[in-house]
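Report on one structure; see the data block that follows.
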Amino acid sequence: MDTIHERVIKIVAEQMAIKEEEVTPGKLFRADLKVDDIEDFNVLISSFEEEFQIDIPDQDQERLMRGSVEEAILYVRAATGRN
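Structure follows, in structure tokens:
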């Protein structure tokens, strides 16, 4: 099974229609990956919740989308207790 790191990157790449190689941990969702549209934002959050069977509260959603891919990976790891 893929690691959380790999799965988060795959989700971001698929949902944003970009190559996985373009999605690195240091990339910021808004500044680098251009996740500015609320629909894109909601699709990513929903995809994370569905893939990892977690609930991401509203206050955490906004913080995640202002952050980096690495922050999303760390959040999912903490929420699931897995790597």
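Numbers given in this note's numbering equal positions in the sequence shown, counted from 1, plus 7.
We put the beta carbon where it would ideally sit given N, CA and C, even for glycine.
Check: Alpha carbon to alpha carbon, how far is MET23 from VAL76?
Finding: Position 16 of the sequence shown, counting from 1, holds the residue named residue 23. Position 69 of the sequence shown, counting from 1, holds the residue named residue 76. Cα to Cα, the separation comes out at about 13 Å.
Item checked: Nearest-angstrom Cβ-Cβ length linking VAL30 and ALA20, presumed shorter than 8 Å -> In the sequence shown, the residue the question calls residue 30 occupies position 23. In the sequence shown, the residue the question calls residue 20 occupies position 13. The Cβ separation is near 5 Å, so the contact holds.
Notebook entry, point to check: Mapping DSSP to helix, strand and coil, what is LEU40?
Noted result: Numbered from 1 along the sequence shown, position 33 holds the residue referred to as residue 40. DSSP places LEU40 in coil when its eight states are reduced to three.
Next item on the list: Look at the alpha carbon of ILE80 and the alpha carbon of VAL42, and state the distance between them as a whole number of angstroms.
Entry: Position 73 of the sequence shown holds residue 80. Position 35 of the sequence shown holds residue 42. One C-alpha to the other measures close to 16 Å.
Notebook entry, point to check: Skipping 5 residues on each side, what residues in its chain have a beta carbon closer than 7 Å to that of ASN90?
Noted result: By one-based count along the sequence shown, residue 90 stands at place 83. Cβ within range, chain order: THR10, ILE11 and ARG84.
Note to self: So, for MET8: in the same chain, excluding its five sequence neighbours on each side, which residues have a beta-carbon less than 8 Å away from its beta-carbon?
What the structure shows: Stepping through the sequence shown from its first residue, residue 8 is reached at position 1. Note that MET8 has pLDDT 46, beneath the 50 cutoff, so the model's placement of it is unreliable and the number below is only indicative. Excluding residues within five positions, none has a Cβ falling inside 8 Å.
Notebook entry, point to check: Taking the alpha carbon of GLU69 as the point to measure from, which residue in ILE25, GLU28, LEU51 and VAL15 has its own alpha carbon closest?
Noted result: What you label residue 69 is simply residue 62 of the sequence shown in a count that begins at 1. That would be LEU51, whose Cα lies nearest to the Cα of GLU69.
Item checked: Within 9 Å, strictly: CB atoms of ILE16 and PHE55 -> If you number the sequence shown from 1, residue 16 lands on position 9. If you number the sequence shown from 1, residue 55 lands on position 48. Not in contact: ILE16 and PHE55 (Cβ atoms no closer than 9 Å).
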